[in-house]
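Undergrad: Attaching a single structure in structure tokens format; questions to follow.
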Amino acid sequence: MTGRADGSQRAVIRAGWRQLAARARPYRRELLAVAGLSVLLAAPTAVSGRLIAHALDDGFLIRRPATGLFWLGVLAEVGLVSAVLGAALFRPLTRFVDPFRDRLIDEAVTAGLDRALDRDAPAPGGDTLQATEWVETIRQLLASVLRNLHMTVSVAVGALLGLAALEPVAAAIVAPCLLASLAANWALLRRAVERQRRNIDVEEALADEVAAVFRARRDVIACAAEDAVSRDLARDIGAARDAHVAAARIGVLRSLTTGLGAEASLLLLLALAPWLIATGRLSGGEIVGAAFYVALSLGPALSFLVLGGTGWFVGLLGLLGRLDEALPHVRAAAGPEPSAPPLGPRPALAADDLAFAYSASADPVLDGVSVRIPFGAHVAVVGPSGSGKSTLASLLCGLRAPDRGRVSVAGRDLADLPPALRHRTVSLIPQEAYVFAGTLRENLGYLVPGASNAVLLEAADAFGLRPVLDRLGGLDAALPPGGAGLSAGERQLVALARTYLAGAPIAVLDEAACHLDPAAERAAEAVFARRGGTLIVIAHRIGSAVRADRVLLVDGGRIAEGTHDELLRTSPRYRELAGHWKEHHAEAPA
Ligand SMILES: Nc1ncnc2c1ncn2[C@@H]1O[C@H](COP(=O)(O)OP(=O)(O)OP(=O)(O)O)[C@@H](O)[C@H]1O
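Here it is in structure tokens:
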């Protein structure tokens, strides 16, 4: 993992700490009760080894079974007290964990709903669902951490105190092994956390990818991209599998070091038992009591602390941190876009000193292109094949970014507009009409979901689609993928009507009517011209240029501008082009 990723991981954990501290503050009393009960819980563990030593030394080992049983009875009662204290923990825990969870869910769902109601936000749902899943995991982790982690710590502290009280040398033998094991695990912990984080990242990436593919399934089928999409998904699944294996490997290593720490301390204690007894430091019963502390309290506490508890705690902080990142993001998305005030009802389009090349080594397609298109203008873009007309169209729509210069709408840089606002303002209809598997209603109303029959039929009539509707069986007739069953011209009519219905004030038709006959093309342009917005037509017939208010001639990376008549007079290239068109298309200019 990179240093930057490390930094972001630390930032997430720090954000998690802040969240936990801030959210826990109102529950000080409950948390104090939990802490107080934890201290009390250390006492039964601390005396348990000594009670076993008494049972053996004062009872069973000197043939006084009644005394031995008495001490075992005391041990059982101490266990009972421990169980009661453990049960008493639930009340303050519930008073903290449940309201904590409820507040988080409240915030996540509110943010999700806000986002769902915001039409500029991306499709709602994913973040909200994920956030509520996170909140449930946070609740479980928080309850587990509070219930088990502090109990484990108190048991470990109690056992160490009990051991030291039996014989400080015994504690001095055991403690280094346990500390070495803790140190080894601490060294592995960072890598474990990194791998865990990577695991989460690749799983999220995979979930996003699958969701995106599911949303775009129609596009995938329409573009026959199933194989490419399957390959991409297989790659993501492979990455998720590798991340799981890497995380599991480090988990195994940590289990080994933990097990070795606990086993080694017990073995060392037993190996030194003869010496401890011979020097009078411990009796036989006390050796068993010390082993009891190690085997039944310290060993399990160490395993839990290292393998479960700290992981839970880090996971808890990580999730709280992620939520801290996600919730403000969701809220910000739901709020008004501070940098996106409306563009006004009559946005003008302008290009200033545009330059664009398809690669660093390629000649620029456009170089020093400036043009101003007032709102409501009808502009034709003409030029020889390969001169850069489509490139200019894609720059004017913001589909490509210029290498130099800027495109602005209503004085605002197109690149700075939020994508949703940009899409609502400028529409591009490409030559290849896009028709997806679905009904005609869905295809026509894709950009205006819920449009009424009357609105859809009016658009269909305007573009001469009524015969197609009659032939296929009406608005709810199903179209196969790619619009099979429709001619190329009919597909273009569907795409034109769809964009017309979307109502963007600036429409750019990039040879979008090239499969229509001249009359249908003229009619389609007239529909767009009548609606009152700006119309930019990349022309492939002279008629489009004649009908336009202004003509932009793209040639040699630059443009010449004028009316059809002006350009006929001033531009030999335009005259050549007009002559060529007249020769090849028998169209009478309208
Ligand atoms: N994606 C691309 N990568 C590299 N070069 C491209 C790309 N698209 C277009 N070009 C090149 O850029 C130049 C301008 O292409 P563009 O499609 O903008 O011209 P055009 O005037 O629209 O052509 P036509 O009238 O034939 O559609 C051409 O030389 C073309 O080969």
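In terms of full-length UniProt numbering, the sequence shown has 126 at position 126, counting the first letter as 1, and numbering is strictly consecutive.
Built from N, CA and C at the ideal position, the CB exists for glycine as well.
1. Would you say G556 touches ligand 1, meaning its beta carbon is less than 6 angstroms from a heavy atom?
2. Confirm the yes/no value for this check: CB of V365, any heavy atom of ligand 1, distance under 6 angstroms.
3. Buried or exposed: where does E286 fall if 16 or more other Cβ atoms within 10 Å of its Cβ makes it buried?
4. Between S408 and the rest of its own chain, which residues show a CB-CB distance below 7 angstroms, the 5 nearest in sequence each way excluded?
5. Counting C-beta neighbours from all protein chains within 10 Å, is the total for L69 16 or more, i.e. buried, or is it exposed?
6. Taking the C-alpha atoms as reference points, what is the distance between T570 and R530?
7. Give a yes or no on contact between the region 67-81 and the region 46-59, applying the rule of three or more CB pairs nearer than 8 angstroms.
8. Can you pull every residue whose C-beta falls closer than 6 angstroms to some heavy atom of ligand 2, listed in chain order?
9. By how many angstroms is the C-alpha of I13 removed from the C-alpha of F96?
10. In the DSSP assignment, what are the bridge partners of R558?
11. For the 8 angstroms Cβ check, are there 3 or more pairs between the region 225-235 and the region 189-200?
12. Just reading off the beta strand (DSSP E) that F356 is part of, what are its end residues?
13. How many whole angstroms separate the CB atoms of P402 and L395, which I take to be in contact at a CB cut-off of 8 angstroms?
14. Just to confirm my understanding: we take L37, look at its own chain, exclude 5 residues before and 5 after, and list those with CB closer than 7 angstroms. What are they?
15. Quick check: the Cα distance between G280 and R64, rounded to an integer number of angstroms?
16. If we ignore side chains and look at the alpha-carbon of each, how far apart do W134 and T67 end up?
17. Would you mind stating whether F313 and V145 have Cβ atoms separated by less than 7 angstroms?
18. Are the beta-carbon atoms of S359 and G261 separated by less than 7 angstroms?
19. Contact check, L444 vs A460 under 8 angstroms by CB: the rounded distance?
20. Report the CB separation of I429 from D510 in whole angstroms; it is logged as a contact under 8 angstroms.
21. Taking Cβ to Cβ, would you say A393 is nearer than 7 angstroms to V508?
22. Determine, using beta carbons only, whether D555 and R575 come nearer to each other than 7 angstroms.
23. With distances taken between CB atoms, is the gap from A290 to S154 smaller than 7 angstroms?
24. Following the continuous alpha helix (DSSP H) through H378, name the residue where it begins and the one where it ends.
25. Classify V39 as helix, strand or coil using the three-state DSSP reduction.
26. Do L535 and H378 have their C-beta atoms closer together than 7 angstroms?
27. With three or more C-beta pairs closer than 8 angstroms as the rule, is the region 168-188 touching the region 265-272?
28. Here's the rule I'm using: 16 or more other beta-carbon atoms within 10 Å means buried, otherwise exposed. How should I62 be labelled?
29. Where G368 and G557 are concerned, what is the direct C-alpha to C-alpha distance, given to the nearest angstrom?
30. Along the chain, where does the alpha helix (DSSP H) that runs through T499 open and close?
31. Where does R28 sit, in a helix, a strand or coil, going by DSSP?
TA: By the coordinates alone:
1. no
2. yes
3. buried
4. A350 and L414
5. The residue is exposed, with fewer than 16 neighbouring Cβ atoms inside 10 Å.
6. 30 angstroms
7. Yes: the two stretches touch, three or more of their Cβ pairs being nearer than 8 angstroms.
8. Absence of ligand 2 is noted for the structure shown, with ligand 1 being the only ligands found.
9. 21 angstroms
10. According to DSSP, R558 shares a beta bridge with D555.
11. Note that the region 225-235 does not touch the region 189-200; fewer than 3 beta-carbon pairs, one per stretch, sit closer than 8 angstroms.
12. Counting along the chain, the beta strand (DSSP E) containing F356 begins and ends at L349 to F356.
13. 6 angstroms
14. L85, A88 and L89
15. 22 angstroms
16. Our two residues, W134 and T67, have alpha carbons roughly 54 angstroms apart in a direct line.
17. It is a contact, given that the beta carbons lie within the stated cut-off.
18. no
19. 7 angstroms
20. 7 angstroms
21. yes
22. no
23. no
24. H378 -> not in any alpha helix (DSSP H); beta strand (DSSP E) instead, spanning H378 to V382.
25. helix
26. Contact flag set, yes.
27. yes
28. exposed
29. Taking the straight line joining both Cα atoms gives about 8 angstroms.
30. A488 to A502
31. helix
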